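K.L.:
With positions in the sequence shown counted from 1, the corresponding number in the numbering used here is that position plus 6.
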Amino acid sequence: MSKRYKKLITLGICGVLVIASAGAGLYSIKANNTDETALDTTETESVKEDSDESEQVAEDETVYVIAGSDGETEKVIVSDWIENAMTQEGVKQTSYSMDSENAKVWDTDGNDISYSGNIEEELPVNLSVSYELDGEPITAEELIGKSGHVTIRFDYDNQQTQTVSIDGKDETIYVPFIMLTGTMLDNDVFSNVEVSNGKLINDGSRTIVAGIAMPGLQEDLALDQDTIELPDYVEISADVENFEMQNTVTVASNELFSDLDTSQLDSTQDLEDAMDQLTEAMDQLLDGSSQLYTGLSTLLEKSDTLIAGVDKLAQGAKQLDSGADKLSNGTDTLYTQVHNKLYKNMPALVEGVSDLNSGAKSAKEGASKLYEGTKQLSEGLSELTTYNDSLNTGAKEVFETLLTAANTQIAALADYGIEVPTLTIDNYSTSLSGLIKTLGSDTFKSALKSKVEAEVEANRDTIKAQVEESLAGEDEDTINAATQAAIDSMVETNYEAALAQVADVTSQLEDLKASLDEYNTFYTGLADYTAGVSSAADGAATINTNMKKLKLGLRDLYNGTQTLQSATKTLNSGVKSLDQGTKKLDQGASDLSEGMEKLYKGIFKMDSSMPTLKSAISKLTDGSMQLSEGLKQFDEQGIEKVVDLVGTDLADMLTRAKATIEVAKNYQSFSDLEDAAGDVTFIYETDSVTEE
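1. The beta strand (DSSP E) that contains S197, what's its start and end?
2. Tell me, which residues are paired with I72 by DSSP?
3. Can you give the Cα-Cα distance for T428 and G440, rounded to whole angstroms?
4. In chain order, what residues of the same chain lie with their CB nearer than 8 Å to the CB of Q224, ignoring the 5 residues before and after it?
5. What's the call for D46, buried or exposed, on a 16-neighbour Cβ count within 10 Å?
6. What residue does the alpha helix (DSSP H) around L340 start on, and which one ends it?
7. Look at R662 and I184 and say whether their C-beta atoms are less than 8 Å apart.
8. I need the DSSP call for M220, collapsed to helix, strand or coil.
9. May I have a chain-ordered list of the beta strand (DSSP E) segments no shorter than 3 residues that lie completely inside the stretch 365-426?
10. What whole-angstrom Cβ distance do G423 and A453 have, given they're in contact under 8 Å?
11. Taking K555 as the reference, give the member of E142, G587, L376, T696 with the closest Cα.
12. DSSP state of L429, grouped into three classes?
13. Out of curiosity, what's the CA-to-CA distance linking A546 and S384?
14. Less than 8 Å between the CB atoms is what I'm expecting for T692 and T254, so what's the real figure, rounded?
15. Could you compute how far the alpha carbon of G372 sits from the alpha carbon of N550?
16. Give the straight-line distance between the Cα atoms of L206 and G684, rounded to the nearest whole angstrom.
17. I'd like to check one pair, V458 with N500: are the Cβ atoms closer than 8 Å?
18. Which residue comes first and which comes last in the beta strand (DSSP E) that contains N208?
19. Which whole-angstrom value is the C-beta distance of A543 and T391, which I expect to be below 8 Å?
20. Distance, Cα to Cα, S513 vs L419?
21. Would you grab the beta carbon distance between A320 and M602 for me? Rounded to a whole angstrom, and I think it's under 8 Å.
22. Quick one: what's got a C-beta closer than 7 Å to D226's C-beta in the same chain, skipping five residues either side?
23. Which runs of the alpha helix (DSSP H) at least 4 residues long sit entirely within the stretch 115-181? Give them in chain order.
24. Excluding the 5 residues flanking I193 on each side, which residues of the same chain have their C-beta closer than 8 Å to its C-beta?
25. Does DSSP classify I242 as helix, strand or coil?
26. Using the DSSP secondary-structure output, state which residues sit across from D685 in a beta bridge.
27. So, with DSSP's three-state summary, where would you put N486?
28. Could I get the ranges of all uninterrupted alpha helix (DSSP H) runs contained in the stretch 495-533, with 4 residues as the minimum, in chain order?
29. Bridge partners for A214 per DSSP, in chain order?
30. Just mark K582 as buried or exposed, buried being the case when its beta carbon has 16 or more other beta carbons within 10 Å.
31. For the beta strand (DSSP E) that contains S259, what are its first and last residues?
32. To the nearest angstrom, how far is the alpha carbon of D293 from that of G301?
33. Report the residue from N565, L408, G608 whose alpha carbon sits nearest the alpha carbon of A520.
34. Going by C-alpha distance, which of Y162, E600, R159 is nearest S328?
35. Going along the chain, which residues of its own chain have a beta-carbon closer than 8 Å to the beta-carbon of T618, five neighbours each way excluded?
36. Below 8 Å, how does it come out for the stretch 361-368 and the stretch 489-503: are there three or more Cβ pairs, yes or no?
Okay, here's the thing in structure tokens:
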């Protein structure tokens with residue numbers, strides 16, 4: 007059923023496009039208000055009282071339903087195409103008052119007949135359209151020009167039923183119709199469009215909307231809605247600006263069901279067995295995907311360790327390659343020396359071995375002393391690092407103490423109407439620079455002068471009293487003029503004094519910033535120093551570890567030279583055999599050198615590929631997680647529902663499905679053409695919702 011469902015949606019969208027592009031045809035039908043039935047045949051036709059019909063004719067019937075914007079039926083037009091296929095001479099039509107006589111017989115002479123007319127019969131499916139604006143019901147007319155979130159709901163009420171016998175019991179079965187509703191929305195009006203049970207296609211300027219419903223089919227099959235829910239309505243929602251909408255078209259057909267072969271619905275046991283196998287396989291697949299994700303996650307976690315190991319392996323291979331080259335060269339020389347000189351110069355060899363033993367001893371002792379020195383260095387640096395936190399903390403506390411003092415120092419600037427920020431290590435520089443810039447700005451100076459003027463003006467009465475005392479006996483104008491002159495002089499004097507004070511404060515701020523900058527340099531330098539000490543301590547620890555290995559290696563070397571010295575005498579007797587062996591060794595070393603070179607190149611290539619490997623593992627891990635989650639979702643939303651559906655009374659459901667299909671096959675005509683077999687399609691067109 008899912009394939010047919012998807013196919014129907016796709017075909018429906020195409021149908022919406024065709025209907026929309028050919029909308030003029032529907033409008034012409036709507037405009038045709040004639041009360042006469044149009045008849046069109048290829049030959050002369052005559053009305054007969056009756057005729058003998060021996061075979062059924064093929065009828066293709068289309069019912070056009072003209073409806074208002076709320077889905078209320080206004081007019082029904084039936085258009086029939088009768089394909090006689092030259093099998094009958096006459097066709098009888100019995101209709102529900104199609105603007106003509108109740109029964110007519112056309113003389114076909116084996117030709118096709120097409121006719122149309124109005125009809126007032128009840129429709130098998132009633133359509134209703136409702137509207138909401140921001141969650142509140144509203145009529146289509148009230149909605150015109152409004153803006154907000156709109157919901158348009160198409161409800162389909164299936165009225166066409168038949169009573170059939172199922173397992174000896176009379177059951178009411180709805181004729182199964184597929185309802186496909188479509189419209190085109192202007193993107194300048196509609197945005198964020200959504201549709202239930204449907205499909206959206208956006209061409210940039212318009213959004214084509216198509217939705218599907220199957221009213222009555224849920225009841226026909228007696229399906230539990232908790233298991234599967236078949237839609238019986240279509241709902242379109244969108245954000246709109248100045249709402250208006252063109253007409254909608256709904257196509258109703260039962261052809262999909264009438265074409266089904268009920269013989270394919272007989273076997274249930276095979277399906278139940280398959281569901282058991284499907285459930286078991288799905289469980290194994292879920293377990294496997296989970297284990298795959300867990301394993302890949304572990305591999306991803308260990309990939310850094312793997313990369314580090316391969317990197318070390320590459321370094322070691324490089325050393326081995328270099329050593330193999332040296333070994334090859336050495337064995338060649340060794341063979342020459344053994345062959346030409348060793349036998350004759352064994353006394354010199356014995357002496358050389360003795361010297362080697364002495365040198366190894368000296369190297370061993372020197373390595374021991376060097377190891378002790380690096381150990382002390384490592385321990386000393388390690389101890390220094392223990393003071394890092396206290397040094398940094400102490401320096402920070404001093405810095406914050408300086409800033410506390412600075413905050414106290416600049417707090418007085420608030421008296422000048424300046425917003426004084428709290429200085430911190432991070433912002434002190436920009437904050438002090440901002441304060442210095444503010445104190446030197448014309449805006450601040452203007453505000454300062456206004457402040458001085460206000461303070462002097464507040465003492466006008468006192469100043470005037472002093473002037474009156476000094477100018478006793480003078481008239482009022484003279485006293486007022488003298489008072490204003492005294493005020494102006496005092497403002498100028500106080501303003502100049504305030505500017506001088508501001509200049510002094512600015513100088514103090516500059517000194518304060520310079521002091522804090524100097525300490526900040528020390529503070530950051532100390533942080534760099536402590537970081538350097540930590541780094542040096544780590545390096546010294548590494549050196550100390552390596553020196554320990556060197557010490558042990560030289561100890562082994564010394565022990566070896568002692569053994570070598572004692573074995574020199576034995577070597578003297580085996581020189582002849584050694585001569586033959588060194589020749590083979592020389593050849594083997596040469597082969598080893600070539601092999602090591604190939605090994606190094608291979609390991610180097612592998613090392614270079616490790617980042618790609620890690621990236622691939624990461625992508626594979628992400629993919630396996632998506633696979634695991636996807637399989638889980640598929641199991642929950644798909645497999646489990648299918649198994650639950652099959653796990654119900656499958657035999658009963660299949661019986662009802664057969665009955666539903668038979669009901670669909672029986673419904674072949676709306677206008678009740680006698681002895682006709684064919685298809686009937688209903689096309690509902692609602693009014694556009696626009697300004698007249």
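Every residue, glycine too, gets a C-beta built ideally from N, C-alpha and C. From a predicted model like this one, the values you see are computed outputs, not experimental measurements.
P.N.:
Put simply:
1. Looking at the DSSP string, the run of the beta strand (DSSP E) that includes S197 is 196-201.
2. BP columns for I72 point to K81, E691.
3. Taking the CA atoms as reference points, T428 sits about 13 Å from G440.
4. Closer than 8 Å at Cβ, skipping near neighbours: Q231, E235, L236, D238.
5. Note on D46: pLDDT 40, under 50, position unreliable in the model; no value is reported.
6. Run containing L340: 309-343, per the alpha helix (DSSP H) assignment.
7. No, these two residues do not count as a Cβ contact at 8 Å.
8. Looking at M220 - three-state DSSP - the assignment turns out to be coil, as it is neither helix nor strand.
9. Runs of the beta strand (DSSP E) inside the stretch 365-426: none found.
10. Indeed, because the Cβ distance is near 6 Å, the residues count as touching under 8 Å.
11. Residue L376 is the option with its Cα nearest to K555.
12. DSSP places L429 in coil when its eight states are reduced to three.
13. If you take the alpha carbons of A546 and S384, they lie about 5 Å apart.
14. Correct: roughly 5 Å between the Cβ atoms.
15. Their Cα atoms are separated by approximately 14 Å.
16. A direct Cα-Cα distance of roughly 32 Å separates L206 from G684.
17. Yes; because the gap between Cβ atoms is below 8 Å, this pair is in contact.
18. Per DSSP, the unbroken beta strand (DSSP E) holding N208 starts and ends at 204-208.
19. At roughly 5 Å, the Cβ-Cβ gap stays under 8 Å, so A543 and T391 are in contact.
20. CA-to-CA, the gap between S513 and L419 works out to about 13 Å.
21. That pair is no contact at about 13 Å.
22. The residues are I179, Y180, P182, R662, T666.
23. Segments of the alpha helix (DSSP H) lying fully in the stretch 115-181: 146-149.
24. The sequence shown places Asn at residue 193, rather than the Ile named in the question. For N193, same chain residues with a beta-carbon under 8 Å away, outside a window of 5 residues either side, are N208, G210, S211, R212, T213 in chain order.
25. The three-state reading of DSSP puts I242 in strand, counting E and B together.
26. Partner(s): D66.
27. Helix at N486.
28. If you keep only unbroken alpha helix (DSSP H) runs of at least 4 residues inside the stretch 495-533, you get nothing at all.
29. Looking at the sequence itself, residue 214 is Ile, so the reference to Ala does not match. Looking at the DSSP assignment, I214 forms a beta bridge with M190, I207.
30. Label assigned to K582: exposed.
31. Per DSSP, S259 belongs to the beta strand (DSSP E) from 255-259.
32. CA-to-CA, the gap between D293 and G301 works out to about 12 Å.
33. Among N565, L408, G608, the Cα nearest to that of A520 is on L408.
34. Considering only alpha carbons, the answer is E600.
35. Taking T618 as the centre and dropping the five residues before and after it, the same chain places no C-beta closer than 8 Å to its C-beta.
36. Segments in contact, no.
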